[in-house]
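Trainee:
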């Protein structure tokens, strides 16, 4: 029997009324003849509320205890959803991440899934149960509770879909798909019927809130078809799949932006081999992910190195860099939180020339200054002033005539 | 090194301010040179709030899922308390019941502890940690989450104190000890400095809210010294210990009452052997605990059997009895929820005559009718109208001159 994995985020299970609605969506799939595995997040703002309580107790709480604390959020949802499904007459059983055999490494708050022992899920599916799994969590081989960090529930869903060889992993959320640009900024943005993993990956890592890049990467690696769809409206979503030939006809699929990064610069670093390796080695050891990097030649045999990190990691990264500055013989450390990143993404870029020039032209025409540039095979990103971001999104969306593209 | 187990109930950990205060009480004990194990309940009304949410989804929720749900309450508290203790500079580590090896049978919502694998606690204590354990919960050998039902957190604390051979199990609560009567009804009631397990057991089972009989029984069986004390005020509490010779000098230690029971009567049951065994066998099979039982000779060779159950079990018990009534050939089933039980307790009763008569006289003088009587070696209980309960407590407390007794 075909297996479907459904994932519902926090807003989709924010209260008992929403949970009842999710129960309906689950049961519809089951009654259509599927074996259904459901992955849920914590209800609404539960996790934030728990973390707010913690901040009343400690500025620097122990990550192990935070995992112990916040993993309760998903556990509440799984039980509530099981009860809601029972009340509608279907069999369902809930499992926590540790219970269902989601084994992770021991990086608390940022754990990675090492393996999934899927027998428990299979047995429950085979005895006609909807299986409800707490997203975002697992346990180490020592039975310590861990959480998977950002995008954790999506990752749980995709990982389960991969090991269970599900026919689709439906990611239900509060938007109804992936758009050519943020519809709050560009009202004429259009919903994409399908998008390749690589494009989605770029969009996700560029700040499109719909899916976290981690889960898309996992889906790509295990060839899990993903669907982003709305738990509020019953309309088709966006399929995220393997790249198809005709996707190349479209040069740019979407415009993404991200206000969530900050820039740190080391000024006047000696121009000798190994400096960049040392710097990013230190940051890596501190578990800080770096996004964009540029290095310029500075004054008299020195270099300037700039990089961006997530705002969440900013304080930490700045600390690490300031401590390392002497060792690296940097003259100065500067930082800037008023920046934002704008990107265009499209598999068509591989076979179309001039995409970068088109993007830069759109920004220039609007007097928007570019501070850093980074490119990949299928995306171009520019760091600009945060205040310019809305204008930049409009300009680029228009320049590539995305409002007129309709892939369907 | 001596081990102390401290247990804090829901009101003692109701918010972050209270949790910080609990952290102080824990650290005081640790800095006095003890190894400290802390057992906590869910914060304030958390469990009730979760159950209220459930009632919006289902009138008859699955007990397994309820355990999954409500066990999150204690898990939140242990993490919060660990973080609060860290912030004050001491080492602490939290464990859920399943994690720490509290193995139970599989009666969801009423599970019994089968064994405790205490190695994890010992290891953490020996590495200088305060060990914080989620009360009220455990897991079956199949790794299913269970909760221990009423008095569950006290039971966890006493069971841990027993396996760890703790020198004392301090039960911190919102009252500062055990009184000769409920001080809200009898302002002159006095606090007992000490009380025997058996007396406490009777008081607990009679409705004194301080300790659940289950935990007292466990303490008695494993000879764990218990102390009931206040987490709000720093005053000596009541020690619950083995019976001592001088305890017998006091005839009655306390007066207890319970509004939490309901009466069910089977009228006109055939007077033949085995009827009572059948009836209470059926109730036992439904996991319903019966408290008082009386059987009267009724009309023409039939009997009337009355019994009381906890109001929580009442609907369930009534269902069971109404279904069994035909089989038992009972003419009629009656029920009454407007009753209450008043009791006097004292080890001195064993060696003093006339205690029952004194109690009945006090009730009679106040025109309070007795509906059922039940006695044990150290207690006498009477079922009366619920409306009479305050007057009855006053009358009896006065009759036995309890306000003048001071054991200290």
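Residue numbers (the working numbering), protein chains in the order written: chain A, 1 to 408; chain B, 1001 to 1408. Cβ atoms here follow ideal geometry from the backbone N, Cα and C, with glycine treated the same way.
Which residues bound the alpha helix (DSSP H) around residue 1054 of chain B?
Mentor: Within the second chain, residue 1054 of chain B is the residue found at index 54, counting from 1. Unbroken alpha helix (DSSP H) run through residue 1054 of chain B: 1046–1055.
Trainee: Buried or exposed: which applies to residue 1285 of chain B, given that a residue is buried once 16 or more other Cβ atoms fall within 10 Å of its Cβ?
Mentor: For the purposes of this step, residue 1285 of chain B is taken as the residue at position 285 of the second chain. That one is exposed.
Trainee: Is it a yes or a no for the segment 1213–1222 of chain B touching the segment 1157–1175 of chain B, going by three-plus beta-carbon pairs under 8 Å?
Mentor: Cβ pair count under 8 Å is three or more, so yes.
Trainee: Rounded to the nearest angstrom, what separates residue 1011 of chain B and residue 110 of chain A at their Cα positions?
Mentor: Here residue 1011 of chain B refers to the residue found at position 11 when the second chain is read from its first residue. Here residue 110 of chain A refers to the residue found at position 110 when the first chain is read from its first residue. Approximately 34 Å, taken between the alpha carbons.
Trainee: Return yes when the Cβ of residue 333 of chain A is within less than 8 Å of the Cβ of residue 325 of chain A, no when it is not.
Mentor: Within the first chain, the letter at position 325 stands for residue 325 of chain A. Within the first chain, the letter at position 333 stands for residue 333 of chain A. Closer than 8 Å, so yes.
Trainee: Alpha carbon to alpha carbon, what distance is there between residue 194 of chain A and residue 406 of chain A?
Mentor: Within the first chain, residue 406 of chain A is the residue found at index 406, counting from 1. Within the first chain, residue 194 of chain A is the residue found at index 194, counting from 1. Caution applies to residue 406 of chain A, whose pLDDT of 47 falls short of 50 and renders its modelled position unreliable; the value that the coordinates give is listed next. Their backbone Cα atoms lie some 11 Å apart in a straight line.
Trainee: Would you list, in chain order, the members of the segment 69–85 of chain A that have their beta-carbon closer than 7 Å to a beta-carbon of chain B?
Mentor: Those residues of the segment 69–85 of chain A that come within reach of chain B (Cβ to Cβ, closer than 7 Å) are 69, 72, 75, 76, 78, 79, 80, 82, 83 and 84.
Trainee: Any C-beta of chain A sitting closer than 8 Å to the C-beta of residue 1056 of chain B?
Mentor: Reading the second chain from its first residue, position 56 is the one you call residue 1056 of chain B. Answer yes: the Cβ-Cβ gap between residue 1056 of chain B and chain A drops below 8 Å somewhere.
Trainee: In the DSSP output, what is residue 289 of chain A paired with across the bridge?
Mentor: Taking the first chain and counting its residues from 1, one reaches residue 289 of chain A at position 289. Beta-bridge pairing links residue 289 of chain A to no other residue.
Trainee: Comparing the C-beta of residue 1137 of chain B with each C-beta of chain A, is any distance below 8 Å?
Mentor: One-based indexing of the second chain puts residue 1137 of chain B at position 137. Output row for residue 1137 of chain B: interface = no.
Trainee: Quick check on residue 63 of chain A: does DSSP put it in helix, strand or coil?
Mentor: Here the question's residue 63 of chain A lines up with position 63 in the first chain. Helix.
Trainee: Under 8 Å, Cβ to Cβ, is there at least one residue of chain A near residue 1018 of chain B?
Mentor: As a position in the second chain, residue 1018 of chain B is number 18, starting the count at 1. Chain A, which has no Cβ nearer than 8 Å to the Cβ of residue 1018 of chain B, makes this no.
Trainee: Quick check on residue 335 of chain A: does DSSP put it in helix, strand or coil?
Mentor: On the first chain, residue 335 of chain A is found 335 positions in, with the first residue counted as 1. Strand, per DSSP.
Trainee: How big is the Cα-Cα spacing for residue 270 of chain A and residue 321 of chain A?
Mentor: Looking up residue 270 of chain A in the first chain gives position 270. Looking up residue 321 of chain A in the first chain gives position 321. Using only the alpha carbons, I get a separation of about 15 Å.
Trainee: Where does residue 221 of chain A fall in DSSP's three states?
Mentor: Sequence index remark: in the first chain, residue 221 of chain A carries index 221 (1-based). In the structure shown, residue 221 of chain A sits in a helix (DSSP, three-state: H, G or I).
Trainee: Between the segment 55–69 of chain A and the segment 91–101 of chain A, are three or more C-beta pairs nearer than 8 Å?
Mentor: Segments in contact, no.
Trainee: Identify every residue that forms a DSSP beta bridge with residue 266 of chain A.
Mentor: Taking the first chain and counting its residues from 1, the one referred to as residue 266 of chain A is at position 266. Per DSSP, A/305 and A/333.
Trainee: Alpha carbon to alpha carbon, how far is residue 1308 of chain B from residue 1282 of chain B? Give it in angstroms, no decimals.
Mentor: Here residue 1282 of chain B refers to the residue found at position 282 of the second chain. Here residue 1308 of chain B refers to the residue found at position 308 of the second chain. Their Cα atoms are separated by approximately 15 Å.
Trainee: Give a yes or no on whether 8 Å exceeds the smallest Cβ distance from residue 143 of chain A to chain B.
Mentor: Position 143 of the first chain holds residue 143 of chain A. Cβ-Cβ to chain B under 8 Å: yes for residue 143 of chain A.
Trainee: Span of the beta strand (DSSP E) holding residue 138 of chain A?
Mentor: As a first step, residue 138 of chain A must be located in the first chain, where it is residue number 138. Residue 138 of chain A -> beta strand (DSSP E) spans 137–139.
Trainee: Below 8 Å on C-beta distance, what does residue 1050 of chain B contact in chain A?
Mentor: Locating residue 1050 of chain B in the second chain gives position 50, counting from the first residue. Correct list: 76.
Trainee: Find the nearest neighbour of residue 30 of chain A within the set A/4, A/168 and A/276, judged by alpha-carbon distance.
Mentor: Position 30 of the first chain, counted from the start, is the residue given in the question as residue 30 of chain A. The candidate whose alpha carbon is nearest that of residue 30 of chain A is A/4.
Trainee: Starting from residue 211 of chain A, trace the beta strand (DSSP E) in both directions and tell me its first and last residue.
Mentor: Taking the first chain and counting its residues from 1, the one referred to as residue 211 of chain A is at position 211. Counting along the chain, residue 211 of chain A falls outside any beta strand (DSSP E), and DSSP gives it neither H nor E.
Trainee: If we call anything under 8 Å between Cβ atoms a contact, is residue 314 of chain A one with residue 337 of chain A?
Mentor: Counting from 1 along the first chain, the entry for residue 314 of chain A is found at position 314. Counting from 1 along the first chain, the entry for residue 337 of chain A is found at position 337. Yes; because the gap between Cβ atoms is below 8 Å, this pair is in contact.
Trainee: First and last residue of the alpha helix (DSSP H) that includes residue 390 of chain A?
Mentor: Taking the first residue of the first chain as position 1, residue 390 of chain A is located at position 390. Unbroken alpha helix (DSSP H) run through residue 390 of chain A: 389–399.
Trainee: Measuring CB to CB, does residue 171 of chain A end up less than 8 Å from residue 133 of chain A?
Mentor: As a first step, residue 171 of chain A is located in the first chain; it is residue number 171 there, counting from the start. As a first step, residue 133 of chain A is located in the first chain; it is residue number 133 there, counting from the start. The answer is no: Cβ separation not under 8 Å.
Trainee: With a threshold of 8 Å between beta carbons, is residue 65 of chain A in contact with chain B?
Mentor: By 1-based counting over the first chain, the position of residue 65 of chain A is 65. Yes, because at least one Cβ of chain B sits closer than 8 Å to the Cβ of residue 65 of chain A.
Trainee: Can you check DSSP and say which residues form a bridge with residue 227 of chain A?
Mentor: Here residue 227 of chain A is taken as the residue at index 227 of the first chain, counted from 1. According to DSSP, which records beta bridges pairwise, residue 227 of chain A is partnered with A/170 and A/239.
Trainee: Return the residues of the segment 84–103 of chain A that lie within a Cβ-Cβ distance of less than 9 Å from chain B, sorted by chain order.
Mentor: If the cut-off is 9 Å between Cβ atoms, the segment 84–103 of chain A has 84, 86, 87, 92, 93, 94, 95, 96, 98 and 99 near chain B.
Trainee: Starting from residue 1257 of chain B, trace the alpha helix (DSSP H) both ways and give me its first and last residue.
Mentor: Stepping through the second chain from its first residue, residue 1257 of chain B is reached at position 257. Careful: residue 1257 of chain B lies outside any alpha helix (DSSP H), inside the beta strand (DSSP E) at 1254–1258.
Trainee: Hey, residue 251 of chain A and residue 352 of chain A: beta-carbon distance below 8 Å or not?
Mentor: One-based indexing of the first chain puts residue 251 of chain A at position 251. One-based indexing of the first chain puts residue 352 of chain A at position 352. Yes, the pair counts as a contact, with Cβ atoms nearer than the cut-off.
Trainee: What residue range does the beta strand (DSSP E) around residue 1384 of chain B cover?
Mentor: Taking the first residue of the second chain as 1, we reach residue 1384 of chain B at position 384. Run containing residue 1384 of chain B: 1379–1385, per the beta strand (DSSP E) assignment.
Trainee: Taking 6 Å as the limit between beta carbons, can you name the residues of its chain near residue 183 of chain A, skipping five residues before and five after?
Mentor: Taking the first chain and counting its residues from 1, one reaches residue 183 of chain A at position 183. Same-chain partners within the cutoff: 189.
Trainee: Looking at the structure shown, is residue 31 of chain A part of a helix, part of a strand, or coil, going by DSSP?
Mentor: Your numbering for residue 31 of chain A matches position 31 in the first chain. DSSP places residue 31 of chain A in helix when its eight states are reduced to three.
Trainee: Please report whether the beta-carbon of residue 1407 of chain B lies at a distance below 8 Å from any beta-carbon of chain A.
Mentor: On the second chain, residue 1407 of chain B is found 407 positions in, with the first residue counted as 1. For residue 1407 of chain B, the pLDDT reaches just 43, beneath the cut-off of 50, and the residue's location in the model is therefore unreliable, leaving the point undetermined.
Trainee: Return helix, strand or coil for residue 1408 of chain B, following the three-state DSSP convention.
Mentor: Position 408 of the second chain holds residue 1408 of chain B. Note that residue 1408 of chain B scores a pLDDT of 39, beneath 50, so its modelled location is shaky; the value from the coordinates is reported in the next line. Looking at residue 1408 of chain B - three-state DSSP - the assignment turns out to be coil, as it is neither helix nor strand.
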